[in-house]
Structure formats: C-alpha cells, structure tokens
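Here it is in structure tokens:
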C-alpha cells in the first residue's frame, strides 16, 4: 500500500511544478517578475479558471511567450494587458473590469442570492401559515371539527394529562 501511495505522489509531482518552462524565463529578473505578475492576471483560454502562469496548455505557453516578448519590446504592464485584451476580449482577464458588458459578472451573484433569500422567506412563511391554520377544505377554509372528532380529541388530551 505504501509503495502505491508513493508511486501516485511521485506521478503527481510534475503537475505541482510551475508551468513556466526554463526556456521562457527572461534573463532580467525585474522583467521576469513583471511577466509573472501579468501572467497571474491572465486566464488560460483552454483551462477552467487557471492563470497562464499555472497552466501547461500550449496556448498558455504561447501567451506567456507573447507577454515576455511585449515586455522585452518595452511595453508597460498596462500596454501588455491592453494588447492581450484587444485580441481575446475581457474574458482573458481573471479579474474583469467593472463596466456595462461585465455588469452581470459583478452583480449577478448578489442578485441570485437575494432571489434565493426571498424565495426561502416566502416558502417558510407559507409553511408557517399553513401549519397554524389547521386542516383546510378544498376551498381553502378551515374545516370545523365534527362532534365525533371533538370527543376523540378531548379523550386524547385527557389521556395525555394523566
């Protein structure tokens, strides 16, 4: 069992390693730091919510190389982000900007949460009201107890008190 666990851990070790390949790393540490910072803000278009800095996908590698080429050419961080966004849209940003086209991304979760709260409150209010009213007739009115039901209820209540 230990051998199997060790084999699985060793097999998964390369997955945990950084996706940036040695041939991608810039010689200037300051530029490399900027490239890594930008790469952490860009979404891999192939992977699900993973940055291009963490992704092993070929497209992520191409985007990492593109970022480094733009930085080497003298672009600022914002110019690199604008260049990539112009090509791929706001979807490529892990933190999209707050504007009209991304409004639902920012407000949507709160709207859904509010709707869920209202639905839950209405459901609980309906259950509470139905339980307090007692049995209902087909028309929605409370049905009165018959004499036989009243006698049985009184007998049960006396039995519980004894």
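Residue numbers (UniProt numbering): 1 to 162. All C-beta atoms in this analysis are idealised placements derived from N, C-alpha and C, irrespective of residue type, glycine included.
Given 7 Å as the limit, tell me if residue i has its C-beta closer than that to any heavy atom belonging to the ligand COA.
i: residue 83; result: Looking at this structure, you won't find the ligand COA or any other ligand, since it has none at all.
DSSP on residue i, reduced to helix/strand/coil?
i: residue 146; result: coil
i: residue 51; result: strand
i: residue 75; result: coil
i: residue 111; result: helix
i: residue 161; result: helix
i: residue 46; result: coil
i: residue 98; result: coil
With residue i as the anchor, note down where its alpha helix (DSSP H) starts and where it stops.
i: residue 33; result: 29-41
i: residue 58; result: 58-72
i: residue 90; result: No alpha helix (DSSP H) contains residue 90, which DSSP labels as neither H nor E.
When the distance is taken between beta carbons, is residue j closer than 8 Å to residue i?
i: residue 42; j: residue 93; result: yes
i: residue 52; j: residue 44; result: yes
i: residue 122; j: residue 71; result: no
i: residue 63; j: residue 84; result: yes
i: residue 86; j: residue 101; result: no
My understanding is that residue i touches residue j, with C-beta atoms under 8 Å, so please give their C-beta distance in whole angstroms.
i: residue 145; j: residue 157; result: Not a contact, Cβ separation roughly 13 Å.
i: residue 57; j: residue 47; result: 6 Å
Can you find the residues in the same chain that come closer than 8 Å, C-beta to C-beta, to residue i, ignoring five residues on each side of it along the sequence?
i: residue 82; result: none
Apart from the five residues just before and just after residue i, which ones in its own chain have a Cβ nearer than 7 Å to its Cβ?
i: residue 97; result: 90
i: residue 67; result: 35, 38, 39 and 80
i: residue 74; result: none
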